[in-house]
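J.: Residue numbers (the numbering used here), protein chains in the order written: chain H, 8 to 222; chain E, 15 to 285.
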Amino acid sequence: MKLKLALFGALSLALAAPALAQKAVEVPGGKYAKEAEQMFRGSFRADNPSYWMTRLEQDETMKTCQQYRDNPPRKIGEKLEKLNAATIRYPVDGKLIGDWKEGEKLAAVGTGGHIGFIQPDPPGRVRGGNCYACHELAKKEVAYGTIGPSLHHFGKLRGNSDDIVKYAYDKIYNSNAFSACTNMPRFGLHNWLTPEQITHIVAFLIDPESPVNKD
Amino acid sequence: MVQRMLKTVVGVALAGAFGGMAIAQDSKVADELAKYREALADGNPADLLEVKGESLWSEKRGPKNASLEQCDLGLGPGKLEGAYASLPKYFKDTNKVMDVESRLVHCMVTLQGFTPAEATRQWYSKPGKESDIEALVTFIGAKSNGMKINVPATHPEEAKMAKMGEYIFYRRSGPQDFSCSICHGQEGKRIRLQELGNLTTQQGAGFAMKTWPSYRVSQGAVWTMQRRLIDCMRQARWPEPNYLADSIIALETYLQKNATGTVMETPGIKR
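Listed below in structure tokens is the structure:
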């Protein structure tokens, strides 16, 4: 009897465990999530231009990622990845490798897109990819961040096959096509970078002459 | 104050030594460190502001010609020791969860007779234009030195604010898909060379929150937590929130709750 009970206990525990693991992560804000959204939206200066305020909108990816604290169950992640892959657009001439020197500049620029009344970017400020904020790239730039993996020797290690070139382009255009809820922005989707600019950054990653692949 | 200053010096020296190993050849870093040393040669510049805050606290000012000495920051009128460390907190008289800045402004309005607009006009300093609020918050913050951050958020309204702060912390939006969490949700990450820390843990949140308000060398000014968080929203490429907005107070409640138990060391000194 005792043994049976113990067995039963162990079994139900084993069965419950995966369900628990899924349930363990509560939606941020818990039961106040809805109210929190309203409160958040009501927190902004009334004189913010309405086109600035559109930056508070969340698409399905953003909403879902928030809900799962950027760690969605695989099935939902796959759905988001498909959704994001479908957004990718290519340059009209179909060429995915541009000029690595242009790409090098874009990878370093961290300005652009700052709004507000205290310290906005001046009009016409160049908007860059800011890749160094999160990635190591050329060895000579030591002020790199670590939110993303090192991309030093990206081309040297991965080669320059069509597949790799397309992967690099797609990744920059819409990072979530490969890893839903990644911390990496979706540069093409948001028109933050143009398809042409993305080809320059691809060249910076892939071209054997690029400093990314030297040293 | 001297002991605290020593601690800051040691902390910065250590951070310098640590950073120096990986990036010895980087001149940007060397510049930053030089600026730190310069700033520290005469102590933390925030110490001057603390002194100014102390006199502003007891000076009779405003239409009612009153001081702030009867201001209740949550531990009773005039009780300053440990008050900063216990904020944000629910206040019965306003039926709101308030942080140190919103409560201070409340006192300037109710005790001294300033209008809210007058009280907040210069909520942060600009070159040549000092901010009374920065000075007062620096003074009030220092009165919690050596005490533990204590925001268990047990009152239902506080618990709710902490939860709403958590909601905002993970909320992604804007042209870079950012949330607070993408920059501050993991251990040991940095943006360029700036260490970020994991604000969702007691250790990470404690390491950050215990040092505020902080003197920012790159800005040449003391920043309050409101200023820090409003600027992080700017970095996230979001629109600008109102000063004292509930969502900032909610984030502060969430962060102070995470940091609870950490001993305060303020004013800090930062990049």
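The C-beta atom is built at its ideal place from N, Cα and C for all residues, glycine as well.
1. Taking the beta strand (DSSP E) that E/Gly282 falls in, what are its first and last residues?
2. Of the choices H/Ala43, H/Lys221 and H/Ser186, whose alpha-carbon is the least far from that of H/Lys82?
3. Alpha carbons only, please: which of H/Pro129, H/Lys89 and H/Phe161 is nearest the one belonging to H/Val219?
4. Assuming E/Met178 contacts H/Gly36 under a Cβ cut-off of 8 Å, what Cβ separation, rounded to an integer in Å, is found between them?
5. Taking a Cβ distance cut-off of 9 Å, strictly less, list which residues of the region 188 to 209 of chain E are near chain H, in chain order.
6. Do H/Lys108 and H/Thr206 have their C-beta atoms closer together than 8 Å?
7. What span of residues does the beta strand (DSSP E) with E/Tyr104 cover, start to end?
8. Beta carbons nearer than 7 Å to chain E: which residues of the region 46 to 57 of chain H have them?
9. Using a Cβ-Cβ distance cut-off of 8 Å, determine whether H/Ile83 contacts chain E.
10. Give the residues of chain H in contact with E/Pro255, contact being defined as C-beta atoms less than 8 Å apart.
11. In the structure shown, what three-state DSSP assignment does E/Arg75 receive?
12. State the Cα-Cα distance for the pair E/Glu266 and H/Thr201, rounded to the nearest angstrom.
13. Residues in the region 189 to 205 of chain H with C-beta within 7 Å of chain E's C-beta atoms, listed in sequence order?
14. Output, in chain order, the set of chain E residues within a Cβ distance shorter than 7 Å of H/Thr153.
15. Comparing C-alpha positions only, which one of E/Lys284, E/Leu269, E/Trp237 and E/Asp260 sits nearest to H/Gly49?
16. Is H/Ala43 close to chain E? Criterion is C-beta to C-beta, closer than 8 Å.
17. Under 8 Å Cβ to Cβ from H/Glu203, same chain only, skipping five residues before and after it: list those, please.
18. Pop quiz: E/Tyr104 and E/Glu180 are said to be a contact at Cβ under 8 Å. What is the actual Cβ separation, rounded to whole angstroms?
19. Tell me which residues share the same chain as E/Thr108 and place their Cβ nearer than 8 Å to its Cβ, disregarding the 5 neighbours each side in the sequence.
20. Assign H/Tyr58 to buried or exposed, taking buried as 16 or more other Cβ atoms, counted over all protein chains shown, within 10 Å of its Cβ.
21. In terms of residues, what are the limits of the beta strand (DSSP E) holding E/Ala235?
22. Is the Cβ of E/Ala219 closer than 8 Å to any Cβ of chain H?
23. Which whole-angstrom value is the C-beta distance of E/Val165 and E/Gln270, which I expect to be below 8 Å?
24. Assign E/Leu150 to buried or exposed, taking buried as 16 or more other Cβ atoms, counted over all protein chains shown, within 10 Å of its Cβ.
25. Less than 8 Å separating the beta-carbons of H/Gly84 and E/Arg251?
26. Starting from E/Arg117, trace the alpha helix (DSSP H) in both directions and tell me its first and last residue.
27. From the beta carbon of H/Phe211, is the nearest beta carbon of chain E less than 8 Å away?
28. To test your reading of the DSSP string, which unbroken alpha helix (DSSP H) runs of 4 or more residues are found completely within the region 95 to 178 of chain H?
29. Would DSSP call E/Tyr229 helix, strand or coil?
30. Report the partner residues of E/Asp86 according to the DSSP bridge assignment.
31. Classify E/Phe128 as helix, strand or coil using the three-state DSSP reduction.
32. For a quick check, are the C-beta atoms of E/Pro189 and H/His142 less than 8 Å apart?
33. H/Phe211 and H/Ala114 look like a contact to me (Cβ under 8 Å); what is the Cβ gap, rounded to whole Å?
34. By DSSP's criteria, E/Glu209 is part of a beta bridge. Which residues make up the other side?
35. Output the distance between the C-alpha atoms of E/Phe128 and H/Gln126, rounded to the nearest integer angstrom.
36. Using DSSP's beta-bridge definition, name the partner residues of H/Lys82.
T.: Taking the structure as given:
1. Counting from 1 along the second sequence, the entry for residue 282 of chain E is found at position 268. It spans Gly282 to Lys284 - the beta strand (DSSP E) in which E/Gly282 sits, taken as one unbroken run.
2. The count along the first sequence starts at 1 and reaches residue 82 of chain H at position 75. Closest option to H/Lys82, Cα to Cα, is H/Ser186.
3. Along the first sequence, one-based indexing puts residue 219 of chain H at 212. Comparing Cα positions, the closest option is H/Phe161.
4. For the purposes of this step, residue 178 of chain E is identified with residue 164 of the second sequence, where counting begins at 1. For the purposes of this step, residue 36 of chain H is identified with residue 29 of the first sequence, where counting begins at 1. Contact holds; Cβ gap of about 6 Å.
5. Gly188, Pro189, Gln190, Asp191, Phe192, Ser193, Ser195, Ile196, Cys197, Gly199, Gln200, Gly202, Lys203, Arg204, Ile205, Arg206, Leu207 and Gln208
6. Position 101 of the first sequence holds residue 108 of chain H. Position 199 of the first sequence holds residue 206 of chain H. Contact flag unset, no.
7. Along the second sequence, one-based indexing puts residue 104 of chain E at 90. Counting along the chain, the beta strand (DSSP E) containing E/Tyr104 begins and ends at Lys103 to Phe105.
8. Met46, Phe47, Ser50, Phe51, Arg52 and Asn55
9. Working through the first sequence from its first residue, we reach residue 83 of chain H at position 76. Not closer than 8 Å to any Cβ of chain E, the Cβ of H/Ile83 fails to qualify, so no.
10. One-based indexing of the second sequence puts residue 255 of chain E at position 241. Under the 8 Å cutoff, chain H gives Ser50, Phe51 and Arg52.
11. Taking the second sequence and counting its residues from 1, one reaches residue 75 of chain E at position 61. DSSP places E/Arg75 in strand when its eight states are reduced to three.
12. In the second sequence, the residue the question calls residue 266 of chain E occupies position 252. In the first sequence, the residue the question calls residue 201 of chain H occupies position 194. Roughly 37 Å separates the two Cα atoms.
13. Asn190, Pro192, Arg193, His197 and Trp199
14. Residue mapping note: residue 153 of chain H aligns to position 146 of the first sequence, counting from 1. Within 7 Å Cβ-Cβ: Lys203 and Arg204.
15. Here residue 49 of chain H is taken as the residue at index 42 of the first sequence, counted from 1. Taking only the C-alpha atoms, the option nearest H/Gly49 is E/Asp260.
16. On the first sequence, residue 43 of chain H is found 36 positions in, with the first residue counted as 1. Yes, contact with chain E.
17. Reading the first sequence from its first residue, position 196 is the one you call residue 203 of chain H. So the list reads Pro98 and Gly105, once near-sequence residues are dropped.
18. Position 90 of the second sequence, counted from the first residue, corresponds to residue 104 of chain E. Position 166 of the second sequence, counted from the first residue, corresponds to residue 180 of chain E. With 8 Å as the limit, E/Tyr104 and E/Glu180 do not qualify as a contact, their Cβ atoms being about 17 Å apart.
19. Position 94 of the second sequence, counted from the start, is the residue given in the question as residue 108 of chain E. Taken in chain order, the residues that qualify are His120.
20. On the first sequence, residue 58 of chain H is found 51 positions in, with the first residue counted as 1. H/Tyr58 is exposed by the Cβ-count criterion.
21. Working through the second sequence from its first residue, we reach residue 235 of chain E at position 221. It spans Ala235 to Trp237 - the beta strand (DSSP E) in which E/Ala235 sits, taken as one unbroken run.
22. For the purposes of this step, residue 219 of chain E is taken as the residue at position 205 of the second sequence. Answer no: the Cβ-Cβ gap between E/Ala219 and chain H never drops below 8 Å.
23. By one-based count along the second sequence, residue 165 of chain E stands at place 151. By one-based count along the second sequence, residue 270 of chain E stands at place 256. Going by Cβ atoms, the distance from E/Val165 to E/Gln270 rounds to 4 Å, so yes, they are a contact pair.
24. The count along the second sequence starts at 1 and reaches residue 150 of chain E at position 136. So E/Leu150 ends up on the buried side.
25. Residue 84 of chain H sits at position 77 when you count from the first residue of the first sequence. Residue 251 of chain E sits at position 237 when you count from the first residue of the second sequence. It is not a contact, given that the beta carbons lie outside the stated cut-off.
26. Looking up residue 117 of chain E in the second sequence gives position 103. From DSSP, the alpha helix (DSSP H) with E/Arg117 extends over Val114 to Thr124.
27. Residue mapping note: residue 211 of chain H aligns to position 204 of the first sequence, counting from 1. Not one chain E Cβ lies under 8 Å of H/Phe211.
28. 107 to 115 and 161 to 165
29. Counting from 1 along the second sequence, the entry for residue 229 of chain E is found at position 215. In the structure shown, E/Tyr229 sits in a strand (DSSP, three-state: E or B).
30. Locating residue 86 of chain E in the second sequence gives position 72, counting from the first residue. Looking at the DSSP assignment, E/Asp86 forms a beta bridge with E/Pro91.
31. Along the second sequence, read from residue 1 onward, the residue named residue 128 of chain E stands at position 114. In the structure shown, E/Phe128 sits in coil (DSSP, three-state: anything other than H, G, I, E or B).
32. In the second sequence, residue 189 of chain E corresponds to position 175, counting from 1. In the first sequence, residue 142 of chain H corresponds to position 135, counting from 1. The answer is no: Cβ separation not under 8 Å.
33. Position 204 of the first sequence, counting from 1, holds the residue named residue 211 of chain H. Position 107 of the first sequence, counting from 1, holds the residue named residue 114 of chain H. Contact flag correct, Cβ pair sits at about 6 Å.
34. Residue mapping note: residue 209 of chain E aligns to position 195 of the second sequence, counting from 1. Note: E/Glu209 sits in a beta bridge opposite E/Arg204.
35. In the second sequence, counting from the first residue as 1, residue 128 of chain E sits at position 114. In the first sequence, counting from the first residue as 1, residue 126 of chain H sits at position 119. When rounded, the distance between both Cα atoms is 27 Å.
36. Your numbering for residue 82 of chain H matches position 75 in the first sequence. H/Lys82 is not bridged to any residue.
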